[in-house]
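Shown next, in structure tokens, is the structure this report addresses.
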Amino acid sequence: MLRPPSPLVAIADADLLGGDPVGPAVRAAAAGVRWVCLRARAASTAERIAWARAIREASPGAFLTVHADPEACRAVGAPGLHLPGRGFDVSRVRRELPGVLLGVSCHDRGELEAARRAGADYVFLSPVFPPASKPGTPLGLERFRELATGAGIPVIGLGGVTPDRVGPVLAAGAAGVAVLGALFLAPDLEARVAEFRDALERAGRPLGRTHG
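As numbered in this note's numbering, residues 89 to 300 make up the sequence shown, in order.
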């Protein structure tokens, strides 16, 4: 099993960012984010490939994960691929891309167990809190803790995670946190990255190291 490269993953979502995620992703990486996930649900594979290449060229030190597109991941040589909980045969993708860090989105215990059995390296478990980017009924910290404890796979908390919530999410068993709106919709992206970095350091999880 491969390990997540950082306790903070910034999800550069094309829909959230007005259609072009490259600039914000590059800014986040320049500010210190070490793990970037490119998500572009409405885009074509060709568009995802172009965006992923642009991010890799501009931010060679960042670990890039491509969302929901194994073909794009393979085409650009991205080191990571993240799959939604439905629509993909995770076991097959695992066999086809054995050296890629493979993540799966999960929302309950059954999905967590299925992802682990299929060979995923980590999961996003969401929503922990009400997300800034879309409506959703949150798990809450106690339910998150119940699911993350003993999951047998690194669990990344996603959904409504702000800098002040980083510590509680990690204390509830998360190996890290994933952020969208709390980072990319902030009035000062660089300052917000610094806030997340400081919160992680206070929790004993510097940006370059994961746990769990």
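All residues carry an ideal CB built from backbone N, CA and C; glycine is no exception.
- In the structure shown, residue 99 adopts extended strand secondary structure according to DSSP, grouped into three states.
- Within a 10 Å sphere around the beta-carbon of residue 247 sit 16 or more other beta-carbons, which makes this residue buried.
- Straight-line spacing of the CA atoms in residue 143 and residue 253 works out to 28 Å.
- Counting the other CB atoms within 10 Å of its CB gives residue 147 a total of 16 or more, which places it among the buried residues.
- Per the DSSP secondary-structure output, residue 190 pairs in a beta bridge with 169.
- Judged by DSSP secondary structure, residue 203 falls within the alpha helix (DSSP H) whose first and last residues are 197 to 206.
- If you ignore the 5 residues before and after residue 231, its C-beta comes within less than 7 Å of no other C-beta in its own chain.
- Straight-line spacing of the CA atoms in residue 235 and residue 196 works out to 7 Å.
- Ranked by Cα distance from residue 185, the first of 175, 157, 202 is 157.
- As for any alpha helix (DSSP H) of minimum length 4 sitting wholly inside the region 211 to 240, the runs are 228 to 236, ordered along the chain.
- The beta-carbon separation of residue 94 and residue 277, rounded to 17 Å, does not stay under the 8 Å limit for a contact.
- Residue environment analysis places residue 242 among the buried positions, since at least 16 neighbouring C-beta atoms fall within 10 angstroms of its C-beta.
- One Cα belongs to residue 287, the other to residue 251, and the distance between them is close to 6 Å.
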